[in-house]
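For the sequence shown, the tail end lands on 70 under the working numbering, and the numbers increase by one without skipping.
Taking it in order: structure first as C-alpha cells, then the write-up.
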Amino acid sequence: MKDSDCGRMVTVHYNGKVVSGKVVDKCMGCDSTSIDLSRHFFNSLASESEGRLHNVEWYME
C-alpha cells in the first residue's frame, strides 16, 4: 500500500467472509502484500485469538 491509497476502499476476503472498508492510514511495518486492519474490521472476519490471518485475499476499489 502507498500513501495515495488513503481514502480508497479495500475489500477483504477471508474464510468465506467478505468485508469492505476505507483505508485511513499506511501500515509502516507491512510489506506490499499485507495490510493491517482495525480491530472492528478484523473482528468482522475472525476472532482476535487467531492472531495474524493467512490466505487472505484483498484488493483496492
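C-beta atoms are modelled at their ideal positions from N, C-alpha and C, and glycine is treated no differently.
Since the structure is predicted, the reported quantities are computational estimates derived from the model, not experimental observations.
Can you tell me which of the three DSSP states residue i falls into?
{"i": "H49", "result": "helix"}
{"i": "S29", "result": "strand"}
{"i": "S41", "result": "coil"}
{"i": "V34", "result": "As written in the sequence, residue 34 is Asp, which differs from the Val given in the question. D34 falls in the coil class under three-state DSSP."}
{"i": "S13", "result": "helix"}
{"i": "S56", "result": "coil"}
Skipping 5 residues on each side, what residues in its chain have a beta carbon closer than 8 Å to that of residue i?
{"i": "G38", "result": "D45"}
{"i": "E66", "result": "V21, H22, Y23"}
{"i": "S43", "result": "C36"}
{"i": "M18", "result": "S29, G30, K31, V32, M69, E70"}
What residues are listed by DSSP as bridge partners for residue i?
{"i": "E66", "result": "H22"}
Please look up how many angstroms separate the CB atoms of residue i and residue j, rounded, as I've assumed it's under 8 Å.
{"i": "C15", "j": "V33", "result": "6 Å"}
{"i": "D12", "j": "K35", "result": "6 Å"}
Going along the chain, which residues of its own chain have a beta-carbon closer than 6 Å to the beta-carbon of residue i, five neighbours each way excluded?
{"i": "G25", "result": "none"}
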